[in-house]
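Numbering (my numbering), first residue to last: 11 to 320.
Beta carbons: idealized from backbone N, C-alpha and C, even for Gly.
What follows is a set of notes on a single structure, which appears directly below.
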Ligand SMILES: [Zn+2]
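Here is the structure:
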């Protein structure tokens, strides 16, 4: 049995002890908790430091890459400029080569062109007796009117005549070649009774068979159609074949040498001469006759005589 005082004293003494114990316990627990938290914070801090280092490294890489990229971009720009410069040079060289090739080609064509092919021959201007075409082809029988006699034409101009005949046939025309190339000798035997003085560009007292000089070139034909009795007559111009020629012959390089009312020969609606598509088209569109053109103007077309288009 304790004295109540002792009890009180004990109570006062013990209570703070318990309080202290409890407080102490709490403190110890809290301090353990704090210490764990501190450790986590430390851990997080060191993780943050690692991250921050990584970010620094990464951003340095980015900077390096940016520098490298801009360096590359500069290099690319320089390279492109170099390529452009080289391309310009190559273009210049190509142009030079092209124009040189063009000039050489023109000179070659001109050297091969026969200046007689576009000369004007008339009552007073004759082709030299010694002139003969370079190469002649014999026309196929289906294109000639008289099957017993072979007709010839200048080889280079033949594809143009053949195209004309084919186109006429396709349009329902009955168009044939009555005569093509005629040699000087052949002509002379026909007109042997005449006394002739001749030569290129010389005046001639001989009134030749109309346009015979042009036939000696090998580039001229007399056309005919059925129903005219096989003769070359002025009534050829009443036929649909003549109308077709008047509208289409220029597309194949042919012109009517001696139209109605010309000052050089009698009217020959059947007599057509190859002068090249370019010149024939020019004459057709301008409504000018070949023989009314200045020879120097005509000569400008010589280089294009055998061009297949305009
Ligand atoms: Zn003729």
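Check your understanding: Going straight from the alpha carbon of residue 240 to that of residue 193, what length do you get?
Key -> Their Cα atoms are separated by approximately 22 angstroms.
**Study point:** the stretch 139-152 in contact with the stretch 260-277 per 3-pair CB rule at 8 angstroms
**Key:** Of all C-beta pairs linking the stretch 139-152 to the stretch 260-277, fewer than three are shorter than 8 angstroms, placing the two stretches out of contact.
Review point. Anyone know if the C-beta pair for residue 223 and residue 137 falls short of 7 angstroms?
Key: Cβ atoms of residue 223 and residue 137: closer than 7 angstroms.
Exercise for review: Confirm the yes/no value for this check: CB of residue 232, any heavy atom of ligand 1, distance under 6 angstroms.
Suggested key: Ligand 1 approaches residue 232 closely enough that one of its heavy atoms is under 6 angstroms from the residue's Cβ.
**Study point:** Buried or exposed (CB count within 10 angstroms, at least 16 for buried), residue 211
**Key:** Summary for residue 211: the model assigns pLDDT 43, below 50, so the residue's position carries little reliability; its value from the coordinates is reported in the next sentence. Residue 211 should be labelled exposed.
**Study point:** residue 315 and residue 127 closer than 7 angstroms at C-beta
**Key:** Yes, Cβ-Cβ distance for residue 315 and residue 127 is below 7 angstroms.
Practice item. Return yes when at least one heavy atom of ligand 1 lies under 6 angstroms from the C-beta of residue 294, else no. Key: Incorrect: residue 294 has no Cβ contact closer than 6 angstroms to ligand 1.
Exercise for review: Kindly indicate which three-state DSSP category residue 170 falls into: helix, strand or coil?
Suggested key: Three-state result, residue 170: helix.
Exercise for review: In angstroms with no decimal places, state the Cα-to-Cα distance between residue 325 and residue 249.
Suggested key: Because the chain spans 11 through 320 in this model, residue 325 falls outside it and cannot be assessed.
Review point. Under a Cβ-count criterion, where at least 16 other Cβ atoms within 10 Å of its own Cβ denotes burial, should residue 121 be classed as buried or exposed?
Key: Result: exposed.
Review point. Can you pull the DSSP bridge partners for residue 234?
Key: Looking at the DSSP output, residue 234 shares a beta bridge with 186.
Check your understanding: What separation, rounded to the nearest whole angstrom, lies between the Cα atoms of residue 156 and residue 258?
Key -> Straight-line spacing of the CA atoms in residue 156 and residue 258 works out to 24 angstroms.
Exercise for review: Tell whether a beta-carbon distance below 7 angstroms holds between residue 228 and residue 146.
Suggested key: Yes, they are a contact pair.
Practice item. Grab the span of the alpha helix (DSSP H) containing residue 254 for me, first residue to last. Key: First-last of the alpha helix (DSSP H) with residue 254: 250-258.
Exercise for review: Give a yes or no on whether the C-beta atoms belonging to residue 231 and residue 285 are separated by under 7 angstroms.
Suggested key: No, the pair does not count as a contact, with Cβ atoms beyond the cut-off.
Review point. Is there at least one Cβ from chain C nearer than 7 angstroms to residue 271's Cβ?
Key: Among the protein chains of the structure shown there is no chain C, as only one such chain exists.
Review point. Buried or exposed: which applies to residue 46, given that a residue is buried once 16 or more other Cβ atoms fall within 10 Å of its Cβ?
Key: By the Cβ-count criterion, residue 46 is exposed, with fewer than 16 other Cβ atoms from all chains shown falling within 10 Å of its own Cβ.
Review point. Do residue 260 and ligand 1 come close, with the Cβ less than 6 angstroms from some heavy atom?
Key: No; taking the cut-off as 6 angstroms, the Cβ of residue 260 has no heavy atom of ligand 1 nearer than that.
Check your understanding: Across which residues does DSSP place residue 392 in a beta bridge pair?
Key -> With the chain covering 11 to 320 only, the question about residue 392 has no answer from this structure.
Review point. Which residues in the same chain have their Cβ closer than 7 angstroms to the Cβ of residue 87, if we skip the five residues on either side of it in sequence?
Key: Spatial neighbours of residue 87 in its own chain (CB-CB distance under 7 angstroms, excluding positions within 5 residues in sequence) are not present.
Exercise for review: Count the other C-beta atoms from every protein chain shown that fall within 10 angstroms of the C-beta of residue 83, then say buried if there are 16 or more, exposed otherwise.
Suggested key: By the C-beta density criterion, residue 83 is exposed, having fewer than 16 other C-beta atoms within 10 angstroms.
Review point. How would you call residue 161, buried or exposed, if buried means at least 16 neighbouring beta carbons within 10 angstroms?
Key: By the neighbour-count rule (16 or more Cβ atoms within 10 Å), residue 161 is buried.
Review point. Taking the C-alpha atoms as reference points, what is the distance between residue 320 and residue 296?
Key: Rounded to the nearest angstrom, the two C-alpha atoms are 15 angstroms apart.
Exercise for review: Counting only the same chain and skipping the five closest in sequence on each side, list residues whose C-beta sits under 8 angstroms from that of residue 119.
Suggested key: Around residue 119: 313.
Check your understanding: For residue 164, which three-state DSSP category applies?
Key -> Here residue 164 sits in strand by DSSP.
Exercise for review: Please look up how many angstroms separate the CB atoms of residue 261 and residue 234, rounded, as I've assumed it's under 8 angstroms.
Suggested key: 21 angstroms between Cβ atoms; not a contact.
**Study point:** Length of the line joining the Cα atoms of residue 144 and residue 164
**Key:** Going by the C-alpha atoms only, they are around 8 angstroms apart.
Check your understanding: Helix or strand or just coil, what does DSSP make of residue 156?
Key -> The three-state reading of DSSP puts residue 156 in coil, since its state is none of H, G, I, E or B.
Practice item. Enumerate in chain order the residues of its own chain whose CB-to-CB distance from residue 252 is below 7 angstroms, with the five nearest sequence positions on each side excluded. Key: 246 and 279.
Practice item. Give the single residue among 196, 49, 89 and 283 whose Cα lies nearest to the Cα of residue 140. Key: The shortest Cα separation from residue 140 among 196, 49, 89 and 283 belongs to 196.
Review point. If you compare alpha carbons, which of 310, 94 and 283 is closest to residue 131?
Key: Comparing C-alpha distances from residue 131 to each of 310, 94 and 283 shows the shortest one belongs to 283.
Practice item. Measure the CB-CB distance between residue 274 and residue 301 and report whether it falls below 7 angstroms. Key: Cβ atoms of residue 274 and residue 301: closer than 7 angstroms.
Check your understanding: When you compare only the Cα positions, how much space is there between residue 123 and residue 255?
Key -> Distance between the alpha carbons of residue 123 and residue 255 is about 26 angstroms.
Review point. Do residue 185 and residue 177 come within 7 angstroms of each other at the CB atom, strictly closer than that value?
Key: Not a contact, by the Cβ cut-off of 7 angstroms.
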